[in-house]
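Everything on this sheet refers to the single structure shown next.
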Ligand SMILES: *Cc1c(COP(=O)(O)O)cnc(C)c1O
């Protein structure tokens, strides 16, 4: 019996899906074991040749195609599921979340309208309400997004529309002066992109200087707002970061909330990674003041270990999303009474069921399971933080979150970049470098919920080797 080219049935479908799951299971079992490298070196020519070795003129058997993809991924990617990956905020995916993503792909609910996907829409509404309550919001509306960048872009558009309702129809020319917004010099660069995409331009982004711990200096914020108003500009938004990407710094949220309230500005908190601290009783106080924000960004695909992409924009200003994105189209199904259609409250139109993976993970881990996993990661970072000085490193960031930045003042400028590259090439661990206060520093973030004391010790050992190797090179 010949197979349909797209829609397999019976044993043919079962075999392919079972094979795909078996591949994922084998990968996750082997990725942290033996001599496997965390970040195998990749040469663009070799990767391209591998990709193009498969021809669409000569289709392959399903098993062969699956194996080809899996083998390529094994060889050519940084393995974020490796417990010695201490990199950007990319997690080892939670098991229930992988299952949720498979089910979401198979059922393929359309989250443009409620009437097409009542179950999926209500799950996402429930998740937004539950998470909003964790952040101390009294009322919550939200939308899932591809990631933090889209959630931040959403925040900018919502804040702009709420400040200057005429802009939606008339464009920026209708605003009373050039709209500008404030964030710290350590804020995420997705706001630069959002400023460009919104037509405000990068000049609208007003970076505010930070203190020695990378936190926004609130006096500098107030001074900058006053100067801009005196120049006839139109401030409308202040963004605080709760967990900067470089060093996990948390801006002083309560004082920024006061400034925003006094100045009549929308207050957004970018808690893309650090927001997860709200789920851990002893870390949550670090986020005090977030409940006063008008909106926030939170990424489940970072510290909550959900596979990409799973961003979330939450607001306690009911109706703001609908005012920003609401529209009607004759080809769309008629709305159901008393419920909102997601396409009228988000940037996306057709949208995948992002909430499934978080819903299933929470259903099985519960809040307590999450708290335990996050607490463990914070403890592993503490272990690293406390051991580094014995090797001659200075810890240069100050945060309760599991991210450690370190430097050796005796190293020449930019030596951290070489150091990180040596560690990456060694394949034993993966760390990165960043800039803090004008200096290159090393950065290690515990992103894997299963990273244990042995992995921290292995990282310390790799750093010691790197130091010996690089010292030999410089003599
Ligand atoms: C990661 C990050 C973002 C961007 O989020 P994506 O999910 O990568 O789009 C925004 N803000 C902060 C603070 C982040 O750490």
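Residue numbers (my numbering): 29 to 503.
In this text, a Cβ means the ideal position worked out from N, Cα and C, and glycines have one as well.
message: Could you compute how far the alpha carbon of residue 210 sits from the alpha carbon of residue 358?
response: 39 Å
task: Look at residue 272 and residue 242 and say whether their C-beta atoms are less than 8 Å apart.
output: yes
- prompt: What is the DSSP secondary structure of residue 503, counted as helix, strand or coil?
  reply: Low confidence applies here, because residue 503 scores a pLDDT of 48, under 50, leaving its location unreliable; read the following figure in that light. Here residue 503 sits in coil by DSSP.
Residue 289 - DSSP class collapsed to helix/strand/coil: helix
- prompt: When you compare each of 305, 48, 133, 128 to residue 98 by their alpha carbons, which one comes out closest?
  reply: 48
query: Can you tell me whether residue 269 is buried or exposed, with buried defined as 16 or more other CB within 10 angstroms of its CB?
result: buried
query: Between residue 238 and the rest of its own chain, which residues show a CB-CB distance below 8 Å, the 5 nearest in sequence each way excluded?
result: 212, 213, 214, 244, 245, 277
task: In the DSSP assignment, find the unbroken alpha helix (DSSP H) run with residue 78 in it and report its ends.
output: 72-80
Pairwise C-alpha distance: residue 110 and residue 503: Residue placement at residue 503 is flagged as unreliable, the pLDDT there being 48, under the threshold of 50; the coordinate-derived value follows with that caveat. Taking the straight line joining both Cα atoms gives about 34 Å.
message: Just checking residue 118 against ligand 1 - is the residue's beta carbon closer than 7 Å to any of the ligand's heavy atoms?
response: no
message: DSSP three-state label for residue 181, please.
response: helix
Cβ-based neighbour list, residue 425, same chain, cut-off 6 Å, excluding 5 preceding and 5 following: 275, 433
query: Does any heavy atom of ligand 1 sit closer than 7 Å to the C-beta of residue 181?
result: no
At least 3 beta-carbon pairs within less than 8 Å: the stretch 374-392 vs the stretch 119-133: yes
field: Bounding residues of the beta strand (DSSP E) (the contiguous stretch that carries residue 44)
entry: Counting along the chain, residue 44 falls outside any beta strand (DSSP E), though it belongs to the alpha helix (DSSP H) covering 38-58.
message: So, for residue 337: in the same chain, excluding its five sequence neighbours on each side, which residues have a beta-carbon less than 6 Å away from its beta-carbon?
response: 174, 175, 329
task: Out of 199, 178, 266, point me to the one whose CA is closest to residue 287's CA.
output: 266
message: Going residue by residue through the stretch 208-239, where are the continuous beta strand (DSSP E) segments of at least 3 residues, counting only ones entirely within it?
response: 233-236
- request: Can you tell me which of the three DSSP states residue 356 falls into?
  value: coil
message: Quick check on residue 447: buried or exposed, where buried means 16 or more other Cβ atoms within 10 Å of its Cβ?
response: buried
field: Close beta carbons around residue 252, own chain, < 7 Å, minus the five adjacent residues each side
entry: 210, 234, 236
- prompt: Got a sec, what are the start and stop residues for the beta strand (DSSP E) residue 471 sits in?
  reply: 467-473
- prompt: Which residue comes first and which comes last in the alpha helix (DSSP H) that contains residue 28?
  reply: Since the first residue of the chain shown is 29 and the last is 503, residue 28 is not available in this structure.
query: Quick one: any contact between the stretch 298-307 and the stretch 142-154, if contact means 3 or more CB pairs under 8 Å?
result: no
Environment of residue 136 [buried if 16+ CB atoms lie within 10 Å]: exposed
query: Cβ-heavy atom distance between residue 327 and ligand 1 below 7 Å?
result: yes
- request: Starting from residue 327, follow its DSSP beta bridges and name the residues at the other end.
  value: 339
message: Residues in the same chain with beta-carbon distance under 7 Å from residue 490, minus the five sequence neighbours each way, listed in chain order, please.
response: 451, 454, 456, 457
message: If you measure between the beta carbons of residue 342 and residue 353, is that distance less than 8 Å?
response: no
task: Indicate the three-state DSSP secondary structure (helix, strand or coil) for residue 169 in the structure shown.
output: strand
query: Rounded to a whole number of angstroms, what is the C-alpha to C-alpha distance between residue 115 and residue 391?
result: 28 Å
- prompt: In three-state DSSP terms, what is residue 278?
  reply: strand
query: In chain order, what residues of the same chain have a beta carbon less than 6 Å from the beta carbon of residue 479, not counting five sequence neighbours either side?
result: 111, 408
query: Hey, out of 195, 147, 32, 279, whose CA is closest to residue 367's CA?
result: 147
message: According to DSSP, simplified to helix, strand and coil, what is residue 522?
response: It is not possible to answer for residue 522, since the shown part of the chain is limited to 29 through 503.
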